[in-house]
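*Asks:*
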Amino acid sequence: MKNSARSWPPSAPRSHEGYHWLYVLSGRLRVVLGDRDLVFSTGEVAEYDTNLPHWFGNADDLPVEFLSILGPQGERIHLRAATAPAEQNSSNYPRAISTKRLKCS
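Start counting the sequence shown at 10; every next residue gets the next number (the numbering used here).
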């Protein structure tokens, strides 16, 4: 699910069964996980167990755009990137995936 937000008002953190992945496409995303308050920028990823009380929204007054993937408890996301040089890569898969990955648990 692709989301965009501008000035989300903070609400009480929620918890529920599942697992959540967030990838920031543009802007800055604020993620509150339990007692941790984190900010992710373009190209950064967060993944966490949704049993942990959480909230997310934009980190400032500017818009944020992000991908949101929810999955059943205990399953992990699998990402693949093509390894061939761009001129040899005829697939529609991304040629690179950001190596800056932050795991929050």
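We put the CB at the ideal spot given by N, CA and C, even for glycine.
Relative to the alpha-carbon of F49, which residue among P81, T59, A21, E74 has its alpha-carbon at the smallest distance?
*Replies:* The sequence position of residue 49 within the sequence shown is 40, counting from 1. Nearest option by C-alpha distance: E74.
*Asks:* Suppose the cutoff is 7 Å on Cβ atoms and the five residues either side in sequence are ignored; what does the same chain contact list for Y32 look like?
*Replies:* By one-based count along the sequence shown, residue 32 stands at place 23. Contacts found: V54, F75, L76.
*Asks:* Does G36 come out as helix, strand or coil in the three-state DSSP assignment?
*Replies:* Counting from 1 along the sequence shown, the entry for residue 36 is found at position 27. Three-state result, G36: coil.
*Asks:* Give every residue of the same chain whose Cβ lies closer than 7 Å to the Cβ of P62, excluding the five residues on either side of it in the sequence, and list them in chain order.
*Replies:* Counting from one through the sequence shown, the residue named residue 62 turns up at place 53. The answer, listed in chain order, is P22, R23, S24, G43.
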